[in-house]
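Asks: Can you keep this structure in mind? I'll have questions shortly.
Residue numbers (this note's numbering): 4 to 196.
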């Protein structure tokens with residue numbers, strides 16, 4: 004991926020991340036467990052969550068070294084960045100919350116199953132894309148056109164709700180999954196046990 008375009012997108016989204024963090028806060032671990040943000044568009048949400056509560060513990064995981072450097076520079080990362088393939092992460096069931104924004108560039112059923120595997124019991128994962136339902140239009144409007152252009156130039160795949168439902172069906176996690184389509188398209192996974 005073009006690291007300069009990712010840096011520009013991260014800078015552009017700076018006003019959005021606090022609203023995404025506030026929305027995602029409702030799924031934060033009650034016990035202040037570990038948070039993972041995964042994928043090449045990581046950093047913004049986990050930093051927003053850490054700014055809301057600096058006692059959190061977290062990790063960013065992505066697969067490209069150049070993107071890792073860009074993420075560290077873009078966000079002055081408040082947590083470690085680990086290089087790993089997203090379909091085979093080196094973790095046990097460790098995380099109470101897994102977040103992946105911009106997931107439709109690379110999301111596959113295999114990654115969904117891997118995210119499920121690394122969730123702790125009673126953990127949540129939120130995978131998808133969009134501004135979230137709580138980001139005000141006055142924040143979205145100034146960035147929308149440029150964000151769409153940068154996403155297009157980075158090769159974003161547009162996934163429909165039926166395509167996402169098909170991916171979930173392939174993982175056999177339908178009973179643990181909910182599709183949220185307010186403020187984008189997001190897959191919410193809850194690991195009950």
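In this text, a Cβ means the ideal position worked out from N, Cα and C, and glycines have one as well.
For a minimum of 3 consecutive residues, which ranges assigned as the beta strand (DSSP E) are wholly contained in the stretch 38-124?
Replies: The qualifying runs are 60-65, 84-86 and 98-104.
Asks: Looking at C-alpha atoms only, which residue of 175, 108, 152 and 129 is the closest neighbour of residue 182?
Replies: The shortest C-alpha separation from residue 182 is found at 129.
Asks: Out of 72, 26, 31 and 39, which has the shortest C-alpha to C-alpha gap to residue 7?
Replies: If we check each option's Cα against that of residue 7, 72 comes out closest.
Asks: Looking at C-beta atoms only, is the number of pairs between the stretch 38-56 and the stretch 78-91 that lie closer than 8 angstroms three or more?
Replies: Short answer: they touch.
Asks: Using a 10 Å radius around the Cβ and a threshold of 16 neighbouring Cβ atoms, would you call residue 86 buried or exposed?
Replies: The residue is exposed, with fewer than 16 neighbouring Cβ atoms inside 10 Å.
Asks: Report the CB separation of residue 132 from residue 188 in whole angstroms; it is logged as a contact under 8 angstroms.
Replies: Contact flag correct, Cβ pair sits at about 6 angstroms.
Asks: When we look at the beta-carbon of residue 161 and count the other beta-carbons within 10 Å, is it buried (16 or more) or exposed?
Replies: Exposed, because fewer than 16 other Cβ atoms sit within 10 Å of the Cβ of residue 161.
Asks: Mind checking which residues open and close the alpha helix (DSSP H) that includes residue 150?
Replies: From DSSP, the alpha helix (DSSP H) with residue 150 extends over 140-157.
Asks: For residue 22 and residue 13, I'd like the C-alpha separation in whole angstroms.
Replies: Residue 22 and residue 13: Cα-Cα distance of roughly 14 angstroms.
Asks: For my contact list, residue 65 and residue 83 are in at a C-beta cut-off of 8 angstroms; report their separation, rounded to the angstrom.
Replies: Not a contact, Cβ separation roughly 12 angstroms.
Asks: Between residue 1 and the rest of its own chain, which residues show a CB-CB distance below 6 angstroms, the 5 nearest in sequence each way excluded?
Replies: Given a span of 4 to 196 for the chain in the structure shown, any question on residue 1 remains unanswerable.
Asks: I'd like to confirm the pairing. Which residues does DSSP put opposite residue 129 in its beta bridges?
Replies: Beta-bridge pairing links residue 129 to 102 and 191.
Asks: Got a sec? Which residues, its chain only, sit under 6 angstroms from residue 50 by beta carbon, not counting five neighbours each side?
Replies: 78 and 81, listed in sequence order.
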